[in-house]
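Number of protein chains: 2
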Amino acid sequence: MRHIADIPADIPAVIAAVTILAAALPGAADGQQARPPSFVILLADDLGYGDLGCYGHPTIRTPSLDRMAAEGARFTQFYCAAPVCTPSRAALLTGRLPVRSGMCSEKRRVLFPDSADGLPDDEVTLAEALKTKGYATACIGKWHLGHLPRFLPARHGFDRYFGLPYSNDMHNVGRGDPPVPLLRGDEVIEQPARQEALTSRYTEEALRFIGENRDRPFFLYVAYTFPHVPLHASARFNGKSPRGLYGDVVEELDASVGEILGALREPGLAGRTLVVFSSDNGPWLTQGLAGGSAGLLREGKGSTWEGGMRVPGIAWWPGKVSAGRLITNVVSSLDVFPTFLTLAGIEPPRDRAIDGREVSALLLGTAAPPEAPFFYYRDETLMAVRKGPWKAHVLTRPGYGAAEPKRHDPPLLFQLERDPSEVHDVAKQHPEVVRDLLGEVERHRAGLRAPPSRLEARTART
Amino acid sequence: MRHIADIPADIPAVIAAVTILAAALPGAADGQQARPPSFVILLADDLGYGDLGCYGHPTIRTPSLDRMAAEGARFTQFYCAAPVCTPSRAALLTGRLPVRSGMCSEKRRVLFPDSADGLPDDEVTLAEALKTKGYATACIGKWHLGHLPRFLPARHGFDRYFGLPYSNDMHNVGRGDPPVPLLRGDEVIEQPARQEALTSRYTEEALRFIGENRDRPFFLYVAYTFPHVPLHASARFNGKSPRGLYGDVVEELDASVGEILGALREPGLAGRTLVVFSSDNGPWLTQGLAGGSAGLLREGKGSTWEGGMRVPGIAWWPGKVSAGRLITNVVSSLDVFPTFLTLAGIEPPRDRAIDGREVSALLLGTAAPPEAPFFYYRDETLMAVRKGPWKAHVLTRPGYGAAEPKRHDPPLLFQLERDPSEVHDVAKQHPEVVRDLLGEVERHRAGLRAPPSRLEARTART
Numbered sequence: 010m011r012h013i014a015d016i017p018a019d020i021p022a023v024i025a026a027v028t029i030l031a032a033a034l035p036g037a038a039d040g041q042q043a044r045p046p047s048f049v050i051l052l053a054d055d056l057g058y059g060d061l062g063c064y065g066h067p068t069i070r071t072p073s074l075d076r077m078a079a080e081g082a083r084f085t086q087f088y089c090a091a092p093v094c095t096p097s098r099a100a101l102l103t104g105r106l107p108v109r110s111g112m113c114s115e116k117r118r119v120l121f122p123d124s125a126d127g128l129p130d131d132e133v134t135l136a137e138a139l140k141t142k143g144y145a146t147a148c149i150g151k152w153h154l155g156h157l158p159r160f161l162p163a164r165h166g167f168d169r170y171f172g173l174p175y176s177n178d179m180h181n182v183g184r185g186d187p188p189v190p191l192l193r194g195d196e197v198i199e200q201p202a203r204q205e206a207l208t209s210r211y212t213e214e215a216l217r218f219i220g221e222n223r224d225r226p227f228f229l230y231v232a233y234t235f236p237h238v239p240l241h242a243s244a245r246f247n248g249k250s251p252r253g254l255y256g257d258v259v260e261e262l263d264a265s266v267g268e269i270l271g272a273l274r275e276p277g278l279a280g281r282t283l284v285v286f287s288s289d290n291g292p293w294l295t296q297g298l299a300g301g302s303a304g305l306l307r308e309g310k311g312s313t314w315e316g317g318m319r320v321p322g323i324a325w326w327p328g329k330v331s332a333g334r335l336i337t338n339v340v341s342s343l344d345v346f347p348t349f350l351t352l353a354g355i356e357p358p359r360d361r362a363i364d365g366r367e368v369s370a371l372l373l374g375t376a377a378p379p380e381a382p383f384f385y386y387r388d389e390t391l392m393a394v395r396k397g398p399w400k401a402h403v404l405t406r407p408g409y410g411a412a413e414p415k416r417h418d419p420p421l422l423f424q425l426e427r428d429p430s431e432v433h434d435v436a437k438q439h440p441e442v443v444r445d446l447l448g449e450v451e452r453h454r455a456g457l458r459a460p461p462s463r464l465e466a467r468t469a470r471t
Numbered sequence: 010m011r012h013i014a015d016i017p018a019d020i021p022a023v024i025a026a027v028t029i030l031a032a033a034l035p036g037a038a039d040g041q042q043a044r045p046p047s048f049v050i051l052l053a054d055d056l057g058y059g060d061l062g063c064y065g066h067p068t069i070r071t072p073s074l075d076r077m078a079a080e081g082a083r084f085t086q087f088y089c090a091a092p093v094c095t096p097s098r099a100a101l102l103t104g105r106l107p108v109r110s111g112m113c114s115e116k117r118r119v120l121f122p123d124s125a126d127g128l129p130d131d132e133v134t135l136a137e138a139l140k141t142k143g144y145a146t147a148c149i150g151k152w153h154l155g156h157l158p159r160f161l162p163a164r165h166g167f168d169r170y171f172g173l174p175y176s177n178d179m180h181n182v183g184r185g186d187p188p189v190p191l192l193r194g195d196e197v198i199e200q201p202a203r204q205e206a207l208t209s210r211y212t213e214e215a216l217r218f219i220g221e222n223r224d225r226p227f228f229l230y231v232a233y234t235f236p237h238v239p240l241h242a243s244a245r246f247n248g249k250s251p252r253g254l255y256g257d258v259v260e261e262l263d264a265s266v267g268e269i270l271g272a273l274r275e276p277g278l279a280g281r282t283l284v285v286f287s288s289d290n291g292p293w294l295t296q297g298l299a300g301g302s303a304g305l306l307r308e309g310k311g312s313t314w315e316g317g318m319r320v321p322g323i324a325w326w327p328g329k330v331s332a333g334r335l336i337t338n339v340v341s342s343l344d345v346f347p348t349f350l351t352l353a354g355i356e357p358p359r360d361r362a363i364d365g366r367e368v369s370a371l372l373l374g375t376a377a378p379p380e381a382p383f384f385y386y387r388d389e390t391l392m393a394v395r396k397g398p399w400k401a402h403v404l405t406r407p408g409y410g411a412a413e414p415k416r417h418d419p420p421l422l423f424q425l426e427r428d429p430s431e432v433h434d435v436a437k438q439h440p441e442v443v444r445d446l447l448g449e450v451e452r453h454r455a456g457l458r459a460p461p462s463r464l465e466a467r468t469a470r471t
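Taken in order, these protein sequences are the chains called F and Y. With the first sequence counted from 1, adding 9 to any position gets you the working numbering. With the second sequence counted from 1, adding 9 to any position gets you the working numbering.
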């Protein structure tokens with residue numbers, strides 16, 4: 010499955026590849042000052058498809074996200090690009106499948122505190138691309154794309170960083186992990202991080218960044234630490250949700266979203282910012298009640314069943330994205346990179362494959378994106394493919410646990426728009442669909458250049 | 010489990026028991042003309058908890074029900090009183106558990122075209138009670154409380170009836186069933202009923218009834234035939250939903266709700282009508298893609314797992330029920346009877362047990378109802394009990410299929426607000442809760458007087 014690496018480009022060449030296309034800017038045609046929109050990504054960690062009020066959860070109260078959806082567009086077929094944390098985030102920030110950047114591995118599914126590597130320099134992140142157009146940029150929250158200084162957000166286009174370098178459960182004493190650190194820029198400012206304070210501190214940092222950048226375009230990436238385990242809520246939320254601690258944590262996250270959107274509704278900022286809310290992957294079901302719910306979807310985090318990769322997705326841009334839209338088109342976190350760049354009038358890099366599609370017309374309600382296959386990877390392995398309503402599983406495997414992958418020949422075939430829970434295999438009834446999907450897999454594999462994994466190298470222990 | 014029958018009361022005595030309490034009327038105190046509110050019940054058949062957009066379904070488009078929820082209150086812990094059709098409807102219209110009226114049976118779970126019996130005369134239906142206060146009443150749609158003339162809606166307080174006497178799949182040729190008839194009043198007007206036209210004809214009838222009764226209080230009970238199988242949609246909806254025929258049928262039902270609410274928004278009617286939408290039981294999972302989805306809930310129709318009995322519930326009364334409320338309190342279709350009566354200024358019958366609670370204060374946002382146990386019956390058998398967030402299963406059994414009931418000692422215990430999917434049995438950790446719930450079961454059984462089943466008698470075949 011692995012091929013030789015993409016040819017690494019040096020950094021100046023990468024940046025040069027990001028051409029500014031001022032003429033393509035919204036507003037440029039009618040003679041307005043061409044100020045591009047600001048962007049905010051609000052990313053939950055391990056939040057499942059079924060965990061929000063507006064996605065049907067019975068007892069988790071999420072009035073701010075429900076309002077965000079009512080004022081904007083709620084997606085029902087929004088995918089993350091990988092079912093675990095590190096590859097999913099690499100894909101979100103680059104628009105590229107993790108297998109192209111080496112940010113996946115079956116041996117070590119994510120980066121750990123003893124990892125020696127991180128996101129390669131030659132990857133162009135959303136922050137780097139937007140900086141070419143003068144955006145102020147901030148990463149607040151969990152990074153998880155390399156905790157060593159040369160991989161931290163400052164090396165990937167972020168002016169500012171405040172958060173955890175990896176997951177909040179990564180203090181394995183046996184492995185020699187240090188207590189989980191809280192960083193500002195490259196500096197550890199607290200260790201162990203006080204986890205119950207994280208969500209409110211992220212909110213404060215986000216509000217400060219917005220306040221300081223009212224007069225220029227900005228890109229704010231808030232990667233919440235929760236509801237990844239261990240769950241911690243502040244005193245204001247602890248013990249308040251009927252759903253227990255998991256609910257407390259999601260309700261605190263919801264309140265944070267409410268505060269951030271509140272700041273963006275202020276005079277002078279209203280209508281200038283596109284906000285996207287999502288999750289890095291599905292719910293961690295093996296955590297019991299400390300894990301979330303995929304609603305009607307099958308399985309969860311770690312797997313390429315729908316519950317592992319279909320996640321909540323909400324887009325909010327008052328005046329641009331019509332209120333109360335329900336969007337059932339297939340989109341993914343890979344699409345964020347080319348879409349934001351287009352809206353900012355920046356051409357995506359041409360020297361590499363970009364897997365995401367530019368879907369601004371879908372957001373603005375002017376056109377549906379053309380049909381394209383979506384590939385479900387578990388680590389380096391292509392497990393399934395979706396095209397239109399059809400999904401073929403070549404391989405299946407539970408998200409967690411000892412079970413080996415199971416090969417399906419013919420693949421399992423599900424019509425997801427009719428059978429979102431993946432219960433009724435219809436491969437026998439639709440051999441032509443199976444052939445078409447397998448053809449997509451072959452074409453994809455033929456065009457793929459996958460470098461060695463970056464997730465396996467470890468630092469020497471002293 | 011069965012005890013001797015309730016003492017039957019003759020009809021005049023029953024009606025006399027329904028005392029009019031004009032002083033309790035909303036509006037009476039401030040000297041207004043005391044016109045009580047009108048009531049509409051919109052009841053889907055076999056619609057699951059997860060089948061509407063506002064309950065998280067990804068591809069069934071229900072803009073009218075979503076708007077109804079946005080303008081009113083959406084319930085996330087709303088129960089029907091029985092997991093199959095006949096007992097559920099008997100309970101809705103009487104406020105009494107079906108075991109009290111004989112409207113349940115393990116041998117024959119619902120009424121069939123060869124059934125000889127129906128809802129007893131001495132039961133007081135919502136329509137009968139409201140008629141004491143001058144309400145115009147109509148039953149449009151599926152009745153299923155006795156198809157012989159002496160059991161039809163006209164005998165139970167409805168001025169008008171248009172619809173099917175039982176389920177739309179009840180044409181078993183081997184059993185000697187006639188084609189499914191469509192009735193107006195007691196007369197068969199079409200046989201077989203053209204099923205693809207039913208939803209739009211129900212809508213027309215409902216709109217006509219509303220139009221003819223603009224100037225007086227009315228009670229309209231629309232019991233949709235669908236999405237019970239066999240699924241039929243009109244040409245306008247057929248083949249339109251991404252969810253396939255099941256989606257077509259639900260989307261047509263949604264459009265019907267939109268038309269009915271539209272009529273109730275007209276000048277002169279606006280604000281005068283409380284509308285409740287729900288389903289008679291959970292989705293019929295063994296029907297494959299012709300059955301619906303219980304979302305994150307376990308199991309479906311026929312069972313006392315949550316998916317069998319927790320259903321969508323939406324209340325709409327502009328100006329009285331605040332817009333956009335999410336109500337997580339436990340309520341059930343049993344509560345409709347005493348609540349509507351209270352709002353109409355009518356005292357419920359005192360000569361019999363009423364299992365529902367009066368929850369008008371919850372609807373109006375002034376107070377939560379006191380905690381009370383909710384009993385999950387499968388036919389005549391008490392299977393489980395809920396109190397607060399806790400549910401104890403004494404017995405479990407799949408909704409359909411050959412599996413025998415399984416007794417649990419100690420009962421299975423789930424904390425439903427934390428574990429809505431009933432995955433984590435916590436009986437061992439909470440013996441005191443188990444004891445309390447078993448005490449509720451004992452008290453309930455001690456006070457129960459259950460007559461013989463009415464669902465088992467068959468007509469002689471010629």
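Just so you know, even glycine gets a beta-carbon here, dropped at the ideal spot from N, CA and C.
How would you write the range of the alpha helix (DSSP H) that Y/G267 sits in, first residue to last?
Start and end: 254-273.
Kindly indicate the opening and closing residues of the beta strand (DSSP E) around F/G220.
Not the beta strand (DSSP E): F/G220 falls in the alpha helix (DSSP H), residues 207-221.
Could you tell me which uninterrupted beta strand (DSSP E) segments, each at least 3 residues in length, are contained entirely in the region 70-117 of chain Y, listed from first to last along the chain?
Taking only runs of at least 3 residues, the beta strand (DSSP E) segments lying wholly in the region 70-117 of chain Y are 82-88.
Roughly how many angstroms separate the alpha carbons of Y/R467 and F/L372, rounded to a whole number?
Straight-line Cα distance between these residues: approximately 59 angstroms.
Name the two residues that bound the continuous beta strand (DSSP E) containing F/S288.
Where F/S288 is concerned, the enclosing beta strand (DSSP E) stretches over 282-288.
Between the C-alpha atoms of F/A264 and F/S73, what's the straight-line distance to the nearest angstrom?
Distance between the alpha carbons of F/A264 and F/S73 is about 6 angstroms.
Taking C-alpha atoms, which residue in Y/D224, Y/S287, Y/V330, Y/L254 lies nearest to Y/Y233?
Ranking Y/D224, Y/S287, Y/V330, Y/L254 by Cα distance to Y/Y233 puts Y/S287 first.
Going by Cα to Cα distance, which pick from Y/L404, Y/G271, Y/R427 is closest to F/G256?
Of the listed residues, the one whose Cα sits closest to F/G256 is Y/R427.
If we ignore side chains and look at the alpha-carbon of each, how far apart do Y/L135 and Y/L229 end up?
Distance between the alpha carbons of Y/L135 and Y/L229 is about 11 angstroms.
I need the DSSP call for F/A370, collapsed to helix, strand or coil.
Three-state result, F/A370: helix.
By alpha-carbon positions, which one of F/G62, F/T85, F/Q86 ends up nearest to F/D75?
Taking only the C-alpha atoms, the option nearest F/D75 is F/G62.
Could you give the DSSP three-state label for Y/S47: helix, strand or coil?
Residue state, collapsed to three classes: strand.
With a threshold of 6 angstroms on Cβ separation, who are the neighbours of Y/H241 within its own chain once the five nearest residues in sequence on each side are excluded?
Here the set comprises Q204, E205.
Can you check DSSP and say which residues form a bridge with F/G172?
Looking at the DSSP assignment, F/G172 forms a beta bridge with F/L192.
Hey, is F/P67's beta-carbon within less than 8 angstroms of any beta-carbon in chain Y?
By this cut-off, F/P67 is an interface position.
In the region 86-112 of chain F, which residues sit with their C-beta less than 9 angstroms from some C-beta in chain Y, listed in chain order?
Result list: Q86.
Could you tell me which uninterrupted alpha helix (DSSP H) segments, each at least 4 residues in length, are contained entirely in the region 139-163 of chain Y, listed from first to last along the chain?
Whole alpha helix (DSSP H) segments, 4+ residues: zero.
Going along the chain, which residues of the region 353-365 of chain F sit with their C-beta nearer than 9 angstroms to a C-beta in chain Y?
For the region 353-365 of chain F, which is checked against every Cβ of chain Y, not one residue is closer than 9 angstroms.
Roughly how many whole angstroms lie between the Cα atoms of Y/P236 and F/L51?
One C-alpha to the other measures close to 38 angstroms.
Under three-state DSSP, which class holds F/L421?
Reduced to three states, the DSSP call for F/L421 is strand.
For Y/G185, is the beta carbon positioned less than 7 angstroms from some heavy atom of the ligand FMN?
Here there are no bound small molecules, and the ligand FMN is not part of this structure.
Among residues of its own chain, excluding the 5 on either side of Y/T212, which ones have a beta-carbon nearer than 6 angstroms to its beta-carbon?
Contacts found: S265, E268.
By a C-beta neighbour count over all protein chains shown, 10 Å radius and 16 as the cutoff for buried, is F/K437 buried or exposed?
With fewer than 16 other Cβ atoms within 10 Å, it is exposed.
Tell me whether the beta-carbon of F/S312 lies closer than 8 angstroms to the beta-carbon of F/R387.
Yes, they are a contact pair.
Please name the residue in F/P122, F/G166, F/E115, F/P201 whose C-alpha comes closest to that of F/H156.
Measuring from the Cα of F/H156, the nearest candidate turns out to be F/P122.
Using CA coordinates, which residue listed in Y/D60, Y/E260, Y/L298 is at the minimum distance from Y/R245?
For Y/R245, the nearest C-alpha among the options comes from Y/E260.
DSSP three-state label for F/A14, please.
Caution is warranted here: a pLDDT of 36 is assigned to F/A14, below 50, making its placement in the model unreliable, and no coordinate value can be reported.
Please state the DSSP three-state secondary structure of Y/G322.
It is a strand residue.
Can you pull out the residues from the region 399-430 of chain F whose beta carbon lies closer than 9 angstroms to at least one beta carbon of chain Y?
For the region 399-430 of chain F, which is checked against every Cβ of chain Y, the residues closer than 9 angstroms are Q424, L425, E426, R427, D428, P429, S430.
Look at the alpha carbon of F/P67 and the alpha carbon of Y/G374, and state the distance between them as a whole number of angstroms.
Answer to the nearest angstrom: the Cα atoms are 19 angstroms apart.
Which of helix, strand or coil does DSSP assign to Y/E199?
Strand.
Hey, does Y/Y386 have any beta-carbon neighbour from chain F nearer than 8 angstroms?
No, Y/Y386 lies away from the interface with chain F (no Cβ there is under 8 angstroms from its Cβ).
What first and last residue would you give for the beta strand (DSSP E) that runs through F/T348?
Here F/T348 belongs to no beta strand (DSSP E); instead the alpha helix (DSSP H) covers 345-353.
Short of 8 angstroms in beta carbon distance, which residues of its chain neighbour F/D19, apart from the five on each side in sequence? Order them along the chain.
Interpretation of F/D19 is limited by its pLDDT of 39, a score under 50 that renders its predicted location unreliable; no figure is taken from the coordinates.
In chain order, what residues of the same chain lie with their CB nearer than 6 angstroms to the CB of Y/M392, ignoring the 5 residues before and after it?
The residues are T313, Y385, L404.
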